[in-house]
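As structure tokens, the structure follows; a few thoughts come after it.
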Amino acid sequence: MNHILTIIDKEWAEVFKNKMVLFTMIFLPLTFTALPLVMLFITNQAMGDITSTSMADVPVEFLAVCGSNMTGGECMQIYIINQFLLLFMMVPVIIPVTIAAYSIVGEKTTHSLEPLLATPLTTTELLAGKCLAAGLPAIIVGWISFGLFLLGLPILGVSRAVISYIISPTWLLAILIGGPLMAVASVNFAIYISSRVSDPRVAEQISALLIVPILGLMFAQIAGVIVVNVIVMLSFIGGMILFDIGMIYLGATIFQRETILTRWK
Amino acid sequence: MAGEPVYYKEVTMIETENLTKVFKIKKGEDIPAVVGLTLSVTEGEVFGFLGPNGAGKTTTVRMLTSLIGATSGSARVNGFVVGEEDQEIRRSVGILTESPGLYERLSASKNLEIYANLYDVDDVDKQVGKYLQMLGLWSRRDDLVGSFSKGMRQKLSIARSLLHEPRLLFLDEPTSNLDPESARLVRLFIEDLRSQGRTIFMCTHNLNEADQLCDRIGIIRTQLITVDTPTNLRRKIFGRKVVFHLREINPGWSSLISSLAGVQEVECVDQKLVVALEDPEMTNPQIIRILVEGGADVQFVGELRHPLEDIYLQTMREPERKAENL
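Quick look at the structure:
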């Protein structure tokens with residue numbers, strides 16, 4: 011455990027020395043927090059009294075989600091807000107990717123990997139340290155970002171019914187469990203890529219592809235192909251757990267100290 | 120138990136048997152980096168590993184420090200089997216890699232602190248402080264390594280390799296790219312480490328350094344060409360030659376000296392007689408007697424010492440010469 015903590019300490023000491031990295035870590039979640047709040051503010055302004063808006067304007071798939079105790083305006087807001095759920099889940103995916111993508115290949119290009127691998131540090135400890143160092147801040151920032159969003163809702167005058175929906179199991183599962191699981195997957199994928207390439211730029215570009223399936227989910231939801239509810243979210247979490255286990259196993263198995271040190275293809 | 124003899128057992132710190140490393144580049148394309156390396160290094164010895172670029176020096180160090188595996192053959196380091204007890208090997212040896220590989224955005228003390236923790240050092244602050252002071256970096260301990268000169272970085276990397284007090288140290292090009300003053304400081308520190316009884320396996324291109332520091336040297340070009348003490352290598356390759364500096368030279372002395380037993384060759388060069396001898400300690404007094412009796416003014420006498428560079432170049436050319444003669 012001491013070795014893992016040392017790697018985390020080292021990674022954070024290095025990463026947080028770079029003010030630009032710190033800036034992007036704060037700027038992106040703030041934007042993702044502000045966007046839905048702005049959208050809610052605009053809809054509140056546009057619709058005037060949202061309780062009077064008709065249910066006829068709401069997409070059919072959403073009527074079941076909203077329930078009978080909501081007005082059309084509230085259901086409309088939930089429909090809009092639901093599009094941002096994946097955005098919140100993306101925070102812990104996007105933030106650590108560049109850090110994780112740089113983690114192995116960056117050490118290789120600065121020649122610090124060889125002395126590091128010459129210590130009694132095991133491969134599992136190295137990967138766990140790198141993974142936690144990149145993933146933890148992003149997960150925490152993601153949660154803070156969601157916390158700020160929740161705080162902003164009553165300030166903007168969002169109705170109780172809408173707030174209750176946002177702190178429902180679907181959202182909480184998504185933010186508290188789904189997002190971190192996605193972060194684990196993205197960090198492991200980025201570290202895996204980082205250990206296979208010889209140029210940090212290639213690692214970052216390939217790792218950025220991670221965003222594609224998430225965008226796919228987002229568009230599927232906008233198009234009404236899927237509607238995120240508790241069952242969908244629980245299935246997603248189950249799938250992600252299996253996927254993460256696979257990624258962690260794959261990363262530890264494929265990490266070849268010798269190949270990383272000697273091959274420059 | 121006064122009066123009883125004390126026996127010191129010679130401890131082998133590194134032992135390799137036919138150690139071979141072949142890199143597979145593509146399917147069917149293999150590059151042998153080290154072939155059939157068999158050598159042993161005993162405790163307290165400073166062993167110099169010489170060879171041209173790409174000769175397999177760094178690959179050997181990487182195999183012996185369990186960074187990469189061997190293709191065939193076997194090795195024991197510090198009593199542990201390479202490939203089987205790799206964690207124990209990593210824990211018990213220190214390594215100075217070819218490039219310092221320090222974290223430039225972190226301070227000198229933070230760099231050492233990280234490694235002290237990775238090596239499970241008990242009193243991290245004490246060890247970090249000890250080596251920062253020993254290597255003259257204490258006053259710069261809080262400065263970022265990025266602001267350090269090459270010499271300071273090298274010293275810091277040496278400190279890093281010593282934090283866990285290893286008895287066996289691998290130094291890969293310890294003075295490369297250093298200015299003469301920094302290189303001298305590093306050499307002095309290596310001498311200091313030797314005096315502490317540590318075993319040092321040192322790869323270097325600097326032949327004077329190897330001559331000065333190493334008890335034995337091995338010359339490699341994929342295969343180990345030779346291993347011996349610098350003195351023995353000189354004798355093997357060039358024999359032993361003694362130079363007699365005279366005020367004036369008489370060609371007759373040359374034939375008189377040639378007739379002595381144990382004299383292999385006599386050459387007159389300027390005001391000097393260069394005599395190749397089997398056993399200078401035995402023959403020198405006889406030569407001096409002949410010269411003095413013959414009326415020579417002997418100014419001084421000394422053994423001709425070929426620089427290690429000559430030995431190295433001669434050794435490197437030997438396989439080529441053999442191949443040409445086949």
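Those protein sequence lines, which keep their order, are chains A and B.
Start counting the first sequence at 11; every next residue gets the next number (my numbering).
Start counting the second sequence at 120; every next residue gets the next number (my numbering).
Heads up, the beta-carbon is just placed ideally off N, CA and C, and yes, glycines get one too.
Note that the structure is a prediction, hence the values are computed from the model and not measured.
When CB distances to chain B are screened at a threshold of 8 Å, the residues of the region 19–44 of chain A falling below it are Asp19, Lys20, Ala23, Glu24, Lys27, Asn28, in chain order. What serine 122 of chain A touches in chain B, judged by beta-carbon distance under 8 Å, is Gly220, Leu221, Tyr222, going in chain order. Close to asparagine 296 of chain B, with beta-carbon spacing below 7 Å, lies no residue of chain A; the smallest spacing is near 13 Å. Of all residues in the region 190–208 of chain B, the ones placed with a Cβ closer than 8 Å to any Cβ belonging to chain A are Gln206, in chain order. Judged by their CB atoms, alanine 262 of chain A and threonine 129 of chain A are not nearer to each other than the 8 Å cut-off. Within chain B, Leu186 have C-beta atoms less than 7 Å from the C-beta of leucine 127 of chain A, given in sequence order. For the pair isoleucine 214 of chain B and phenylalanine 289 of chain B, the CB atoms are nearer than the 8 Å cut-off.
Going by DSSP, arginine 195 of chain B is part of the beta strand (DSSP E) stretching over 191–196.
With a cutoff of 8 Å on beta-carbon distance, methionine 321 of chain B and glycine 188 of chain B are scored as not near each other. Residues of chain A with a Cβ closer than 7 Å to the Cβ of phenylalanine 142 of chain B are, in chain order, Thr272.
At a cut-off of 4 residues, the continuous stretches assigned as alpha helix (DSSP H) that sit fully inside the region 110–155 of chain A are 123–127. Taking the C-beta atoms as reference points, valine 196 of chain B is found nearer than 8 Å to leucine 287 of chain B.
Boundaries for glycine 316 of chain B: no alpha helix (DSSP H) harbours it, and the DSSP string shows neither H nor E there. Here leucine 392 of chain B really is in contact with phenylalanine 363 of chain B; their C-beta atoms are around 4 Å apart, less than 8 Å. DSSP lists no beta-bridge partner residue for serine 266 of chain B.
In the DSSP assignment, lysine 20 of chain A falls within the unbroken alpha helix (DSSP H) covering 12–25. For asparagine 137 of chain B, the enclosing beta strand (DSSP E) covers residues 131–145.
Annotation for proline 285 of chain B: Ser211, Val212, Gly213, Arg317 place their beta carbon closer than 8 Å to its own, counting only its chain and skipping 5 residues before and after. Between proline 130 of chain A and chain B, the shortest Cβ-Cβ separation is below 8 Å.
Membership of threonine 269 of chain A in any beta strand (DSSP E) is not indicated; the residue belongs instead to the alpha helix (DSSP H) covering 267–272.
Residue pairing of arginine 335 of chain B in beta bridges, as defined by DSSP: B/Phe166.
Between the C-alpha atoms of arginine 279 of chain B and isoleucine 114 of chain A there is a straight-line separation of about 20 Å.
In the three-state scheme derived from DSSP, where H, G and I count as helix and E and B as strand, proline 106 of chain A is classed as helix.
Counting every other CB atom within 10 Å of its CB across the protein chains shown gives glutamate 367 of chain B a total below 16, marking it as exposed. Across the structure, valine 207 of chain A and alanine 110 of chain A are spaced so that their CA atoms are roughly 13 Å apart.
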